[in-house]
Structure formats: C-alpha cells, structure tokens
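Chemist: Before I ask anything, let me first share the structure, which is written out below as structure tokens.
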Amino acid sequence: MKNAERVLAATSINIVMVRGACLWMIMALILAWCMVGLNFGMPGLPDIFQGKQTRVLQAHIDFLLMSALILGYYATRVPFPWHVRWAMVVGAFTNSSLFLLMGMFPLLDRAEPPQHLAQHAFQYYLFASLIITSYGFGKGAVLILKSTLGHNSER
C-alpha cells in the first residue's frame, strides 16, 4: 500500500475519532455556558449542579483535553483497530463525565470508602473508565510509535 493510500485509509477508518472529539468539544462548550449561568445565578442550574462548581470546571477542561488528544492521534494518520478507536472515544467521555457526575451529585465526591449503592456504582464506573481510557490512548501510542520504527528520518 502506497503512503497516500495508507493516509486515505487511516482518515476514513479513524472518522469515529473526529466525530467523538467534536461531540466532546460541544459538551465542553455546553459546560462553559453552564458555568457562566451558575456564576450569574441562572435559576435551575444550582439544582442540576449541586456539588462543587470546580468539578464542572474540571469536566469542561477534561472534555477539551480529551478532544485535543483524540484529534492529535487522528492527525498522525496511523490507522487504528476499531477497539482502539472506540476505547479512545468512549474513554474520553467516561473520564470527563466522572468530574461532571461529582459536580451534579455531591455524594459521589467523597474520599471515604463507599457507603451507598450510588457510590459503589460510581467506583465501578471510575475504574472501568480508567481501564478503557488507558487502553485506548496507551495502545494508540504504541501503534504510533511502531509506525515510526524503520523510518530513517534522523539524518
């Protein structure tokens, strides 16, 4: 396969990554407007975001960061297997949503061992998210690194 064909194939194969990154950027924008509304005392928003407002900010930043990471991986033009692409996209959402959930439900934002069913479920969600996200971005990094081996570009 010629280089141009490989690039075209990677672009079409990895399209789910661009779609996911765009969705998470839209989510970051929505959260930015929610923070503006919270700061201006917009009715109803404090009922939705009952936890720390800093958690909403963390979710906003994490959605932006994950979108940037996905777009960076996409820009390498390395074709990723479906499970790596989806792990990145799903992991980017679940990882960022952890902060959002803590901003909405203060019960989840506690350091002590889980006492309630919701806290146990959140803990499973957290660990599943860490595993999925680490797999997607870690395996993607390995595949990008492998694609550079054998290229004599250090002349």
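In numbering that gives the first Met the number 0, the protein residues as written are 0 to 154.
For glycine and all other residues, C-beta sits at the position ideal for the given N, C-alpha and C.
Beta-carbon separation of Ile25 and Val77 under 8 Å?
Modeler: Position 26 of the sequence shown holds residue 25. Position 78 of the sequence shown holds residue 77. Against a cut-off of 8 Å, the Cβ pair of Val77 and Ile25 comes out as no contact.
Chemist: In angstroms, rounded to a whole number, what distance separates the CA positions of Cys33 and Gly139?
Modeler: On the sequence shown, residue 33 is found 34 positions in, with the first residue counted as 1. On the sequence shown, residue 139 is found 140 positions in, with the first residue counted as 1. Computed Cα separation, rounded: 33 Å.
Chemist: Where does Val83 land, buried or exposed, given buried means 16+ other C-beta within 10 angstroms?
Modeler: In the sequence shown, residue 83 corresponds to position 84, counting from 1. Buried is the call here.
Chemist: For Asn94, does the three-state DSSP call read helix, strand or coil?
Modeler: Looking up residue 94 in the sequence shown gives position 95. Asn94 falls in the helix class under three-state DSSP.
Chemist: Determine the extent of the alpha helix (DSSP H) in which Lys145 is found, giving its start and end residues.
Modeler: In the sequence shown, counting from the first residue as 1, residue 145 sits at position 146. Start and end: 116-147.
Chemist: Could you have a look at Gly19 and say whether DSSP puts it in helix, strand or coil?
Modeler: Position 20 of the sequence shown holds residue 19. Helix.
Chemist: Just to confirm my understanding: we take Gly135, look at its own chain, exclude 5 residues before and 5 after, and list those with CB closer than 7 Å. What are they?
Modeler: As a position in the sequence shown, residue 135 is number 136, starting the count at 1. These residues qualify, in order along the chain: Val83, Ala86, Met87, Gly90.
Chemist: Can you check which of these residues, Leu129, Leu97, Tyr73, Gly137, is closest to Cys21 by C-alpha distance?
Modeler: In the sequence shown, the residue the question calls residue 21 occupies position 22. Cys21 has its Cα closest to that of Tyr73, out of Leu129, Leu97, Tyr73, Gly137.
Chemist: Nearest to Ser95 by CA position, among Ile69, Leu63, Tyr123, Glu111, is which residue?
Modeler: The sequence position of residue 95 within the sequence shown is 96, counting from 1. Nearest option by C-alpha distance: Leu63.
Chemist: Give me the Cβ distance between Thr75 and Thr132, rounded to the nearest whole Å; I'm assuming they're in contact under 8 Å.
Modeler: In the sequence shown, counting from the first residue as 1, residue 75 sits at position 76. In the sequence shown, counting from the first residue as 1, residue 132 sits at position 133. At roughly 18 Å, the Cβ-Cβ gap does not stay under 8 Å, so Thr75 and Thr132 are not in contact.
Chemist: Using 8 Å as the cut-off, can you tell me whether the region 101-112 makes contact with the region 40-50, which would need three or more C-beta pairs spanning the two stretches below that distance?
Modeler: Result yes; three or more Cβ-Cβ pairs closer than 8 Å.
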